[in-house]
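Take a look at the structure set out below.
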Amino acid sequence: MALRDMDEKANMRRMTKLDHEDEFNAIWNGRFTDDERRAMIEAVDGKLNELINAPDRQWGSIMNTSIEGGKVNPFNGNPGDWSDTPWHPIWVAHGYSDQQAGLFFGNLWKWRIIEHGEEWVGIRNTPDTRPTFPNRGVTLGGKTYFLSNRR
């Protein structure tokens, strides 16, 4: 299907492919093995399916890429440590740069959401717009996605 995505200027647009798709594909196809790509796709698609099938129709279908990327590593208990996870090759491929790896991680999620088949909405909250969680005064750096048909 597609993604209704809010850009950095708060404009909504319909996306059927990634911005800078050629650059993404060069990294995706040139820096990762088939097994690494497969593991990343399975991890993202598994989470998307979990969100789609969530019993809580109001909150179960919402996720944020910063929260996903910063989850506790199940192997060592460290938050945001991608060691021994499908995300580790992203960090290595980007010269161990958390910022560059995070940008690619966000694009990976966006690509899989576009390809997945449901209608999703993506919103980026920045300090100059409004906080992601206004009651807590928290703004996440990643993008928040939710299914558009969940009300």
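Sequential numbering of the sequence shown, starting at -12, is according to the working numbering. Just so it is clear, CB atoms sit at the ideal spot from N, CA and C, and this is done for glycine as well.
Distance from the CA of M2 to the CA of E106, rounded to the nearest whole angstrom, comes to 11 Å. With fewer than 16 other CB atoms across the displayed protein chains lying within 10 angstroms of its CB, S70 is exposed. Shortest Cα-Cα distance from I77 to any of G17, R(-9), A(-3) involves G17. Annotated as proximal: I110 and T131, with beta-carbon spacing under 7 Å. In this structure, G129 lies near S53, with their beta-carbon atoms less than 7 Å apart.
The residue from N60, W74, V31, E55 with its alpha-carbon nearest to that of E102 is V31.
Taking the Cα positions, D(-8) is about 14 Å away from N51.
For L(-10), the enclosing beta strand (DSSP E) starts and ends at -10 to -7.
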